[in-house]
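With my numbering, the residue at position 780 of the first sequence is 917, and numbering never jumps.
Backbone N, C-alpha and C fix where the C-beta goes; we use that ideal spot for every residue, glycine too.
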Amino acid sequence: MVVKYNPQEIEKKWQQKWAEDRLYEVTEDNTKPKWYALTMFPYTSGDLHIGHWYALAPSDAHARFKRMQGYNVLHPMGFDAFGLPAENAAISRGIHPFTWTMQNIDNMRHQLRSIGAIYDWNREVNTCQPEYYKWTQWFFLKLYQAGLAYRGKAPVNWCPRCQTVLANEQVVAGGFCERCGAAVIRRDLEQWFFHITKYADELMQHNGIDWPERIKTMQRNWVGKSVGTELSFALDYLGVEEKEIRVFTTRPDTIFGVTFMVLAPEHPLVVRLTSPEKKAEVDDYIARVRRRSEIERQSTEREKDGVFIGAYAVNRLNAESVPIWIADYVLMSYGTGAVMGVPAHDERDFAFAKKYDLPIKVVIAPPGWQGGELETAYTEPGTMVNSGQFNGLPSQQGMEAVSDFLEEKGWGKRAITYRLRDWLISRQRYWGAPIPIIYCPNCGVVPVPEQDLPVLLPENAEFKPTGESPLKYCEQFVNTTCPQCSSPAKRETDTMDTFMCSSWYFLRYASPHCDTAPFGADELKYWLPVDLYTGGAEHAVMHLFYARFFIKALRDMGLVDFGEPFSRLFNQGVIIVGRQKMSKSRGNVIIPDEYVSELGADAVRAYLMFVAPWEQGGGWDDSGISGISRWLNRVWNLVLKGYSCSEAVSSAIRQKAERELSRITHQTIRKVTNDLEKLRFNTMIAALMEFTNYLAKVRETGVVIDSAWRGSIDSLLLLLAPTAPHLAEELWQRIGHDYSIHNQSWPRWDEELTKDEEITLVIQVNGKLRDRIAVPVSITEAEARQLALERQRVKAYLASKEVVKIIYVPGRLVNFVVR
RNA sequence: GCCGGGGUGGCGGAAUCGGCAGACGCAGCGGACUUAAAAUCCGCCGGACUUUGUCCUUGUGGGUUCGAGUCCCACCCCCGGCACCA
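As structure tokens, then:
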């Protein structure tokens, strides 16, 4: 009887031993190729649930695989520790966010250790520690010096529940707060922005990086580049300085079809252009629009409305005078805040014109158009009509011709507009890195000198959310002296968006203890960029987008010599429970700890890898994990029950069996290696299971000699080591090998030895499977045909038929085409 | 509406270049062991029928091909993202 597999005992033992021996500590080593494998660090919200494990365990298995392949692997772990959820949780519990966060980190670190990962804990990064945020502030100063950080007044997203502003990226579809789900409202506030739009074009490109198509598309859509023309309509009003209204259009070919103009209600010209008799009506409309929530305003369902302001502008191309309206479907934040209304060729303008009885003038003829009225807007290409000298041009050419003409006349020029807005980083909350800026009555905005960093977050501030920055009321924090003129001055009291902290944390892991700079130049050069970055897809236009911007900005400042932080990105799917997403409110959160203590971390790791393709995610199922647990037990018993070679086997049979064992072993090594390379953990484990089942049969019959058996068992354990590191280590030791299996080289396969001796030849008649025969791989086409024709079952199908054609696919099939 | 990803047994899923559909696992059924149960091991396990076999079957309908889960066309459904962006 073998000793029982006891995961609790062996996992604890090896985790201690690995830690004592500093097995997974890494340093720069130029004799080995480096591999930087990074998993998105967790937010310090409390407990690790099974979703965290799903992100962490497979990526650790992959990192271990690269390590055994001979790479010097950096696979670090840390904590995203600043931010609203921690602050809110702390408030509701009446404890300080720092205390709450550090408690969570202690707890999470303990849980993370139970995974049995190769994290080098010496490199742990924690964004809420002054040693870290000092450098977050330093980067702010660098961006400020580079002209990429600026203060500006703008209508911003305000979350009434979180009591702070949010960046556009943090407002989800329909106008809700990404964190708490409250409806976001607009407020005009003076805030700090990062000039991310400067990199709009580059952020749309993903050259030289291997990222999922989905994420690249989302980022491109987020930037929302539109190529078109900006042109002006003439104004002539007494007492109005401006002589024109500028609009942006992607359809310059439709300019002759303009029958009205629409300004955003916030457009600065509205007040000046509104005629006295329309003033009451216009004021009323603007007031009504202000009362509308952002959700209401953004709804595409709502019928468009607006009012005529009693003024006209002139379309310079045909000298026509068109009425100017205001409507809130025109957004002040996009383009010029004004649009030309071409109802015949734009759906929104069409609806607006129908509602207010504005003329609809066709200037792009749909194919076969007879000059009748349109039922709907025609937005496809066509031929230009009613367009003066441009008549007859196809619309594509027309766009160019009209743009050329406008540029010649000086009435307009080609322009590019983006949907992307600058990144708003101010937050009116306590739990974040203070923005290192001082306001001096004499010198104005003064950046905190580098040597004065960090600007410490005061411990004793009243951090309850009031809608104003809590730091405002912390006198000892606010009051300071100007670094330039030494007169009394006040500190900026907003803190930075936490996405700022996570935009550079992957640089810090390279040299986490460096205290003279955010990172050591040599270490950075050695480790960066990240070779494989894994995590959830929910960060497509937030973290991943900001981090790319950050790196491009640092590159242009000469601080790093690469432009993309993550060479390969992989998004794992989501673990669901009972067909639903896991959530505290549904009460279906799976805590891994219970499973770890009952079945072992190795079983949890392997189950998560086996349940579904990693990028897809899958359902947590208690009986599914017990299947994995049974398999690990079978491996345990298979290895420890020992092997005895049967004397009764003839040497011919023995040799054949040994060739087969070697072949299957090498095929398994190939399959497991290739699957791991592609992060296809589920099929990798299936291959290991098949191999286990096969070895059990071999053991039963005892057909191979001891050394052959032992060789295959060694391969099994080595292949299992990334997936079930504790079990593999224990068995490796128990069968007499030297510590540690994790310092062994990854097994290699010999392509020659993977080749089959015999194959199953499929015989088809008219493409339908009729028979199978076992044949040697070396079989020739003629032999295969002959063998097939001799088969009784095949003969029956060929009788009284004419064989028109014979298809032969070497190694696969013979197909008789008959009539 | 637009963009991206999907639809295969009771379930999770597998299937390299167009070549044996359903690997591996779960659940289920039958058996061995046991006083019994658990555990373990062995066998069966898409459907229908006239069951040594035949036919049907990868969301639906068509097409290409000797041969289609895989390629092409049209449609339906699900998931994710974006959505008055001029």
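- With contacts defined as CB atoms closer than 7 Å, residue 561 and residue 276 fail to qualify as a contacting pair.
- Going by DSSP, residue 335 is part of no beta strand (DSSP E) at all; its letter is neither H nor E.
- In this structure, the beta-carbon distance from residue 466 to residue 441 falls below 7 Å.
- Taking C-beta atoms under 8 Å as the contact rule, residue 808 and residue 824 qualify, at a distance of about 4 Å.
- Taking the Cα of residue 339 as reference, the smallest distance to any Cα among 642, 873, 689 is reached at 689.
- Around the beta carbon of residue 389, 16 or more other beta carbons sit within 10 angstroms, so the residue counts as buried.
- When DSSP states are grouped into helix, strand and coil, residue 899 belongs to the strand group.
- Under the 8 Å Cβ criterion, the segment 616–632 counts as touching the segment 559–576, having at least three qualifying pairs.
- In the displayed model, residue 953 falls within a strand according to three-state DSSP.
- Setting aside the 5 residues that flank it on each side, residue 198 is surrounded in the same chain by 859, 860, each with a C-beta closer than 6 Å to its C-beta; the list follows chain order.
- According to the DSSP assignment, residue 908 belongs to no alpha helix (DSSP H) but to the beta strand (DSSP E) extending over 905–913.
- Annotated three-state conformation of residue 824 is helix, per DSSP.
- Scanning the segment 858–890 for uninterrupted alpha helix (DSSP H) segments of 4 residues or longer gives 862–871, listed from N- to C-terminal end.
- A distance below 8 Å between beta-carbons, with the five flanking residues on each side excluded, links residue 601 to the following residues of its chain, in chain order: 228, 607.
- Looking at the DSSP output, residue 367 sits in a beta bridge with 385, 550.
- If one requires a minimum length of 3 residues, the beta strand (DSSP E) runs lying completely within the segment 522–579 are 549–554, 574–577, in chain order.
- Rounded to the nearest angstrom, the gap between the Cα atoms of residue 654 and residue 314 is 35 Å.
- When DSSP states are grouped into helix, strand and coil, residue 629 belongs to the coil group.
- The three-state secondary structure of residue 933, taken from DSSP, is helix.
- Taking C-beta separations shorter than 6 Å and ignoring five residues to either side along the sequence, the partners of residue 862 in its chain run 253, following chain order.
- Taking a 10 Å sphere around the C-beta of residue 400, we find 16 or more other C-beta atoms and assign the residue as buried.
- In this structure the segment 887–901 touches the segment 936–953; the number of beta carbon pairs closer than 8 Å is three or more.
- The continuous alpha helix (DSSP H) containing residue 205 extends over residues 187–205.
- Annotated as distal: residue 264 and residue 235, with beta-carbon spacing of 7 Å or more.
- Residue 215 counts as buried, since no fewer than 16 other beta carbons sit within 10 angstroms of its beta carbon.
- Residue burial annotation: residue 815 is exposed, with fewer than 16 other C-beta atoms found within 10 angstroms of its C-beta.
- Going by C-alpha positions, residue 488 is about 24 Å away from residue 505.
- DSSP places residue 349 outside both helix and strand once states are collapsed to three, so it counts as coil.
- Taking all protein chains in view, the Cβ of residue 937 is surrounded by fewer than 16 other Cβ atoms within 10 Å, so the residue is classified as exposed.
- A residue is called buried when at least 16 other Cβ atoms come within 10 angstroms of its Cβ; residue 581 does not meet this threshold and is exposed.
- Non-local C-beta neighbours of residue 238 in its own chain, meaning closer than 7 Å and more than five positions away in sequence, comprise 181, 218, 223, 265, ordered along the chain.
- Annotation: the segment 282–321 contains the following complete segments of the beta strand (DSSP E) (minimum length 3 residues), in chain order: 286–296, 301–303.
- Non-local C-beta neighbours of residue 593 in its own chain, meaning closer than 7 Å and more than five positions away in sequence, comprise 267, ordered along the chain.
- Taking the CA atoms as reference points, residue 294 sits about 13 Å from residue 310.
- Distance from the CA of residue 745 to the CA of residue 757, rounded to the nearest whole angstrom, comes to 8 Å.
- Residue state for residue 344 is assigned as coil, using DSSP reduced to three classes.
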